[in-house]
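Chemist: To start, I am sharing the structure in question, which I have written as structure tokens.
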Amino acid sequence: MPRVTFVPEGKTVEVPAGTSILDAADAAGVELPHNCGGVCACTTCHVWIEQGLESLSEIGDREDERLNEAAGLGPTSRLGCQAEVGTADVVVRVPHNRIAS
Ligand code: FES
Numbered sequence: 480m481p482r483v484t485f486v487p488e489g490k491t492v493e494v495p496a497g498t499s500i501l502d503a504a505d506a507a508g509v510e511l512p513h514n515c516g517g518v519c520a521c522t523t524c525h526v527w528i529e530q531g532l533e534s535l536s537e538i539g540d541r542e543d544e545r546l547n548e549a550a551g552l553g554p555t556s557r558l559g560c561q562a563e564v565g566t567a568d569v570v571v572r573v574p575h576n577r578i579a580s
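The numbers in the sequence shown follow the working numbering, run straight up by one, and end at 580.
See below:
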């Protein structure tokens with residue numbers, strides 16, 4: 480199973496392919512805000528993917544639209560509730576220094 484590592488927490492969890500980054504964070508005991516409950520209606524689950532970006536599920540139109548509102552948007556930004564792990568290992572940076580929206 481692919482391993483998902485969260486930084487700066489330094490916690491790693493193995494999850495089945497198809498698991499969202501948000502669910503992986505939960506399994507790893509990493510706090511990833513998700514104010515809308517994971518329905519792509521906020522940006523609080525925004526993360527930066529430091530490794531394995533290409534292995535994640537493709538970004539959808541709704542996620543793409545929503546991401547544009549995220550503070551600290553970068554080229555490897557994804558919404559944790561929408562991005563699903565594929566077969567490769569992933570490293571995820573959780574931006575804790577943002578203002579939750
Ligand atoms: S939890 Fe709201 S968009 Fe992911």
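Here a beta-carbon is modelled for each residue, glycine too, at the ideal position from N, C-alpha and C.
Give me the Cβ distance between Ile-528 and Thr-555, rounded to the nearest whole Å; I'm assuming they're in contact under 8 angstroms.
Modeler: Yes, they are in contact, since the Cβ atoms of Ile-528 and Thr-555 sit about 5 angstroms apart, within 8 angstroms.
Chemist: Closest by CA to Pro-481, which one among Glu-510, His-575, Arg-572 and Gly-565?
Modeler: It is Gly-565.
Chemist: Going by C-alpha to C-alpha distance, which of Ser-536, His-525, Val-571 and Gly-516 sits closest to Asn-630?
Modeler: Past the boundaries of the shown model lies residue 630; the chain is included only from 480 to 580, so the question cannot be answered.
Chemist: Would you say Leu-558 touches the ligand FES, meaning its beta carbon is less than 7 angstroms from a heavy atom?
Modeler: Yes, the beta carbon of Leu-558 sits closer than 7 angstroms to at least one heavy atom of the ligand FES.
Chemist: Pick helix, strand or coil for Leu-535, following the three-state DSSP scheme.
Modeler: The answer is coil: DSSP assigns Leu-535 none of H, G, I, E or B.
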